[in-house]
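Q: Under numbering that gives the first Met the number 0, think of the first position of the sequence shown as 0, with each following residue one higher.
In this text, a Cβ means the ideal position worked out from N, Cα and C, and glycines have one as well.
Dropping the structure in here first, questions after.
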Amino acid sequence: MKTILTTLNAKYIHTSLALRWIYVANKDSFDIDFIEYSLKEDIDFIVQELLNTQCDVLGFSVCIWNVDQTEIIIKRLKQIKPELILFVGGPEVTYEPEYFLNKWPIDYVISGEGEFVVGELLQAIGNDSPILIDGVSSKQHISKKVIQADIDELIKLDSPYQLDRDKKNMQHRIIYFETSRGCPFQCQYCLSSLEKGVRYFPKEYIEQNLAYLIKEDSRQIKFLDRTFNINKSHTEFVFQYLIQHYRPNLSCQFEVYADILSEELIQNLNSNLPVNFFRFEIGIQSTYEPTNLAVKRMQDFEVLARNIRLLIEGKKVDLHLDLIAGLPHESYERFIQSFNDVFQLKAKEVQLGFLKLLRGTNLRKQADKYGYVYSESAPYEVIENKAITSEELDKIRMAEFALDKLWNSGRFSRTMNLIFSTYYANRYYEFFYSFGKYYKEKGLPIFGYQLEDLYRFLYEFLLSLEIDVLPSLKTDYYQNYNIRPHGFWKSEFTKKERKQLHYQIGQDKEFLQKNRLTRKIVEKQMTIDPLYENSYQLTLFGVRKSNAEEHPVYIYQFKK
Numbered sequence: 000m001k002t003i004l005t006t007l008n009a010k011y012i013h014t015s016l017a018l019r020w021i022y023v024a025n026k027d028s029f030d031i032d033f034i035e036y037s038l039k040e041d042i043d044f045i046v047q048e049l050l051n052t053q054c055d056v057l058g059f060s061v062c063i064w065n066v067d068q069t070e071i072i073i074k075r076l077k078q079i080k081p082e083l084i085l086f087v088g089g090p091e092v093t094y095e096p097e098y099f100l101n102k103w104p105i106d107y108v109i110s111g112e113g114e115f116v117v118g119e120l121l122q123a124i125g126n127d128s129p130i131l132i133d134g135v136s137s138k139q140h141i142s143k144k145v146i147q148a149d150i151d152e153l154i155k156l157d158s159p160y161q162l163d164r165d166k167k168n169m170q171h172r173i174i175y176f177e178t179s180r181g182c183p184f185q186c187q188y189c190l191s192s193l194e195k196g197v198r199y200f201p202k203e204y205i206e207q208n209l210a211y212l213i214k215e216d217s218r219q220i221k222f223l224d225r226t227f228n229i230n231k232s233h234t235e236f237v238f239q240y241l242i243q244h245y246r247p248n249l250s251c252q253f254e255v256y257a258d259i260l261s262e263e264l265i266q267n268l269n270s271n272l273p274v275n276f277f278r279f280e281i282g283i284q285s286t287y288e289p290t291n292l293a294v295k296r297m298q299d300f301e302v303l304a305r306n307i308r309l310l311i312e313g314k315k316v317d318l319h320l321d322l323i324a325g326l327p328h329e330s331y332e333r334f335i336q337s338f339n340d341v342f343q344l345k346a347k348e349v350q351l352g353f354l355k356l357l358r359g360t361n362l363r364k365q366a367d368k369y370g371y372v373y374s375e376s377a378p379y380e381v382i383e384n385k386a387i388t389s390e391e392l393d394k395i396r397m398a399e400f401a402l403d404k405l406w407n408s409g410r411f412s413r414t415m416n417l418i419f420s421t422y423y424a425n426r427y428y429e430f431f432y433s434f435g436k437y438y439k440e441k442g443l444p445i446f447g448y449q450l451e452d453l454y455r456f457l458y459e460f461l462l463s464l465e466i467d468v469l470p471s472l473k474t475d476y477y478q479n480y481n482i483r484p485h486g487f488w489k490s491e492f493t494k495k496e497r498k499q500l501h502y503q504i505g506q507d508k509e510f511l512q513k514n515r516l517t518r519k520i521v522e523k524q525m526t527i528d529p530l531y532e533n534s535y536q537l538t539l540f541g542v543r544k545s546n547a548e549e550h551p552v553y554i555y556q557f558k559k
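Structure follows, in structure tokens:
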């Protein structure tokens, strides 16, 4: 009996740790393998390739981002091969197995961690035995239990991180890694709140597998722990191990609660952490206390903000702060305050998301209490509630678009900092909403535009407000290119004037020798921008080693 495990990852660079765990737990006892796809792949191709495996049993890992495509694939497979035994697992199906058994042509739903339950299911299928297994539901038997795997047994298996088949792609894909399972918090919109307690993998196991990943030249490790820093000694152990075994071109990402970070730990990171090594995702979600109480999210924003500032001042950890629009009790005006509270911290990224009422969460069960209207199809995004209208949420979406393009992209850093220190001081949301609204009203393209177009759109928007920050925008624009680009602005010089300037500067031997330049470099690799009377800024292209470096800039003043 041949079994295939599969899933659709959001992107090619993503990998499924769940498939790998189930595979290593069962490969010695069953004819089992796994295949991964991405959402962009053709459904007909996926269906045919799965059929070509000639498997007897097929299992899908189902998440919020792949549920719709998975349903289509399963229906086509069952139509073509009715005798194929199909089971599904994953967060999307775990808490409502009966719904999926009635809607999809599947045989079984696994609720919870499936490493060992899959083996029990395959054994029962092979023996033609009744399926009465905790965590496994069928139309004849709905299990009310969500299974947790025994970590002491998991660590006896071959490592899911050290499969030979993954070696060649480690440099090109994200490695998902867990040092614990479970979450101690009860956030009512999150599936992790339904798990009780936190279970840790042994230190020796963590060290062994991290050592392997570091040695094999992986580029990005994303730690899946729900709240990585809930246990102080565990956090310090992992951080210290990674710092001691630092390797260039490796980055590690963690989800942390910022208000429980100790000052001692922050100082240690600021002192000893290599640059570009750690990235923290910090869920703030809202700064409105009634909202946080309603969703059982406990946080001290004053302490949280202080710790974030300390990390930013240290310039070692990249910070990604999360906000959620559409939470209970938070009106449009109050959300704007939450946004401004969070944005003023000036983290590298601020992600503005919209509440999703996930299957199984308590907030979904309480939807009527808060007047929620939400999409019935994945990702179940909120449309409105008692505190905020659909029109107001659409306004926030306009701001989100601008936020991602202008701030989170990192392409406009000088211009954004200039605007927020002058024209839009402490009015962060207002700026992003205004640009998003302008973009929509002008009918500007969401897709298919060039980078220089986005700079021009911003330039024209600012000019419509009588704000001219062209020098700053030019500098931001130049950082995107390694060779001298065409400008997005109307040239200040005619072709003849530019040629004359290049020639005159190229004849200034004193300037050239002082800056180790040549006439050819000036003519072929430099842009010239006016500063003030008889003074120009020269930007040199083609010499920096990475986009993280600044282009060399020279100030040239014609002698009177």
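Taking Glu206 as the reference, give the member of Ala148, Leu443, His233 and Ile132 with the closest Cα.
A: Residue numbering aside, residue 206 sits at position 207 when the sequence shown is read from its first letter. The residue with the shortest Cα to Cα distance from Glu206 is His233.
Q: Is DSSP giving Ala210 helix, strand or coil here?
A: Along the sequence shown, one-based indexing puts residue 210 at 211. Helix at Ala210.
Q: Around the Cβ of Ile71, are there at least 16 other Cβ atoms within 10 angstroms (buried) or fewer (exposed)?
A: As a first step, residue 71 must be located in the sequence shown, where it is residue number 72. Answer is exposed; the Cβ neighbour count stays below 16.
Q: Going by other Cβ atoms of all chains shown within 10 Å of its Cβ, with 16 needed for buried, is Pro327 buried or exposed?
A: Within the sequence shown, the letter at position 328 stands for residue 327. Buried.
Q: Would you identify the three-state DSSP class for Asp393, choosing helix, strand or coil?
A: Taking the sequence shown and counting its residues from 1, one reaches residue 393 at position 394. DSSP places Asp393 in helix when its eight states are reduced to three.
Q: Using CA coordinates, which residue listed in Gln252, Phe334 and Ile307 is at the minimum distance from Tyr287?
A: Looking up residue 287 in the sequence shown gives position 288. Taking only the C-alpha atoms, the option nearest Tyr287 is Phe334.
Q: Does the contact criterion of 3 or more C-beta pairs under 8 Å hold for the stretch 8 to 17 versus the stretch 171 to 183?
A: Enough Cβ pairs lie closer than 8 Å, so yes.
Q: Between the stretch 356 to 363 and the stretch 382 to 392, do three or more beta carbon pairs fall short of 8 Å?
A: As far as the Cβ criterion goes, the stretch 356 to 363 does not touch the stretch 382 to 392, which means the pair count is below three.
Q: Going by beta carbon distance, what residues of the same chain come within less than 7 Å of Asn65, once the five residues before and after it are set aside?
A: Taking the sequence shown and counting its residues from 1, the one referred to as residue 65 is at position 66. These residues qualify, in order along the chain: Thr6, Leu7 and Leu38.
Q: What is the rounded straight-line gap between the Cα of Tyr423 and the Cα of Pro201?
A: For the purposes of this step, residue 423 is taken as residue 424 along the sequence shown, with counting starting at 1. For the purposes of this step, residue 201 is taken as residue 202 along the sequence shown, with counting starting at 1. Whole-angstrom Cα-Cα distance: 50 Å.
Q: Does the distance from the C-beta atom of Thr226 to that of Val145 stay below 8 Å?
A: Looking up residue 226 in the sequence shown gives position 227. Looking up residue 145 in the sequence shown gives position 146. No; because the gap between Cβ atoms is not below 8 Å, this pair is not in contact.
Q: Give, in chain order, every unbroken run of the alpha helix (DSSP H) that is at least 4 residues long and sits entirely within the stretch 110 to 155.
A: The stretch 110 to 155 contains these whole alpha helix (DSSP H) runs: 116 to 125 and 150 to 153.
Q: Going residue by residue through the stretch 379 to 450, where are the continuous beta strand (DSSP E) segments of at least 3 residues, counting only ones entirely within it?
A: The stretch 379 to 450 contains these whole beta strand (DSSP E) runs: 381 to 383.
Q: According to DSSP, Met525 sits in a beta bridge with which residue or residues?
A: Within the sequence shown, residue 525 is the residue found at index 526, counting from 1. Leu539.
Q: Please report the distance separating the alpha-carbon of Asp32 from that of Thr52.
A: Position 33 of the sequence shown, counted from the first residue, corresponds to residue 32. Position 53 of the sequence shown, counted from the first residue, corresponds to residue 52. Approximately 10 Å between the Cα atoms of the pair.
Q: Give the range of the beta strand (DSSP E) segment to which Ile283 is assigned.
A: Against the sequence shown, residue 283 aligns to sequence position 284. Phe277 to Gln284 is the extent of the beta strand (DSSP E) around Ile283.
Q: Helix, strand or coil, according to DSSP, for Phe86 in the structure here?
A: The residue given as residue 86 occupies position 87 in the sequence shown. Phe86: strand per DSSP, three-state reduction.
Q: Mind the definition here: the stretch 293 to 301 touches the stretch 246 to 253 only if three or more C-beta pairs lie below 8 Å; say whether that holds.
A: The stretch 293 to 301 is not in contact with the stretch 246 to 253.
Q: How about Leu320 and Val349: do their beta carbons lie closer than 8 Å?
A: The residue labelled residue 320 in the question sits at position 321 within the sequence shown. The residue labelled residue 349 in the question sits at position 350 within the sequence shown. Their beta carbons are under 8 Å apart, which means Leu320 touches Val349 by this criterion.
Q: What is the rounded straight-line gap between the Cα of Asn407 and the Cα of Ala398?
A: If you number the sequence shown from 1, residue 407 lands on position 408. If you number the sequence shown from 1, residue 398 lands on position 399. Each residue's Cα considered, the two are about 12 Å apart.
Q: Round the Cβ separation of Gly89 and Ala17 to the nearest angstrom and send it over; I've been treating them as touching at under 8 Å.
A: Counted from its first residue, the sequence shown places residue 89 at position 90. Counted from its first residue, the sequence shown places residue 17 at position 18. That pair is a contact at about 7 Å.
Q: Let me make sure I understand the geometry here. Which of Lys138, Leu4, Glu119 and Leu76 has the alpha-carbon closest to that of Glu95?
A: Taking the first residue of the sequence shown as position 1, residue 95 is located at position 96. Out of Lys138, Leu4, Glu119 and Leu76, Lys138 has the C-alpha closest to the C-alpha of Glu95.
Q: Can you give the beta carbon distance from Leu76 to Ile3, rounded, assuming they're within the 8 Å contact cut?
A: Taking the first residue of the sequence shown as 1, we reach residue 76 at position 77. Taking the first residue of the sequence shown as 1, we reach residue 3 at position 4. The pair is not a contact, with the Cβ atoms about 11 Å apart (cut-off 8 Å).
Q: Alpha carbons only, please: which of Gly181, Tyr204, Leu83 and Asp165 is nearest the one belonging to Glu215?
A: Translated into the one-based positions of the sequence shown, residue 215 becomes position 216. Out of Gly181, Tyr204, Leu83 and Asp165, Asp165 has the C-alpha closest to the C-alpha of Glu215.
Q: Tell me, to the nearest whole angstrom, how far the beta carbon of Thr474 is from that of Arg410; I am working on the premise that it is less than 8 Å.
A: Your numbering for residue 474 matches position 475 in the sequence shown. Your numbering for residue 410 matches position 411 in the sequence shown. The pair is not a contact, with the Cβ atoms about 11 Å apart (cut-off 8 Å).
Q: As an exercise, report each continuous alpha helix (DSSP H) stretch of at least 4 residues that is fully enclosed by the stretch 325 to 366, in chain order.
A: Whole alpha helix (DSSP H) segments, 4+ residues: 331 to 342 and 361 to 364.
Q: So who's on the other strand from Phe253, going by DSSP bridges?
A: Working through the sequence shown from its first residue, we reach residue 253 at position 254. Answer by DSSP bridge pairing, in chain order: Phe279.
Q: What are the uninterrupted segments assigned as beta strand (DSSP E) that are 3 or more residues long and contained completely in the stretch 15 to 94, given in chain order?
A: Whole beta strand (DSSP E) segments, 3+ residues: 30 to 37, 56 to 60 and 84 to 88.
Q: How should Asp224 be labelled, buried or exposed, when 16 other C-beta atoms within 10 angstroms of its C-beta is the threshold for buried?
A: Residue numbering aside, residue 224 sits at position 225 when the sequence shown is read from its first letter. Buried, since its Cβ has 16 or more Cβ neighbours within 10 Å.
Q: Determine the contact status of Glu491 and Pro529, defining contact as a CB-CB distance below 8 Å.
A: As a first step, residue 491 must be located in the sequence shown, where it is residue number 492. As a first step, residue 529 must be located in the sequence shown, where it is residue number 530. Yes, they are a contact pair.
Q: How would you call Glu329, buried or exposed, if buried means at least 16 neighbouring beta carbons within 10 angstroms?
A: On the sequence shown, residue 329 is found 330 positions in, with the first residue counted as 1. Glu329 comes out buried.
Q: With a CB to CB cut of under 7 Å and the five nearest residues on each side skipped, what residues in its chain are close to Asp106?
A: What you label residue 106 is simply residue 107 of the sequence shown in a count that begins at 1. Only Ile84, Leu85, Phe86 and Ser137 meet the Cβ criterion.
Q: Output yes or no for whether 8 Å exceeds the beta carbon distance between Ile73 and Pro104.
A: As a first step, residue 73 is located in the sequence shown; it is residue number 74 there, counting from the start. As a first step, residue 104 is located in the sequence shown; it is residue number 105 there, counting from the start. Cβ atoms of Ile73 and Pro104: closer than 8 Å.
Q: Exposed or buried, which one is Ala377 when buried takes at least 16 other CB atoms within 10 Å?
A: As a working note, residue 377 is residue 378 in the sequence shown. Its Cβ being crowded by 16 or more others within 10 Å, Ala377 is buried.
Q: Report the CB separation of Gly125 from Ile109 in whole angstroms; it is logged as a contact under 8 Å.
A: By one-based count along the sequence shown, residue 125 stands at place 126. By one-based count along the sequence shown, residue 109 stands at place 110. Incorrect: roughly 17 Å between the Cβ atoms, too far for contact.
Q: Could you give the first and the last residue of the continuous beta strand (DSSP E) run that contains Asn8?
A: Taking the first residue of the sequence shown as position 1, residue 8 is located at position 9. Residues Lys1 to Asn8.
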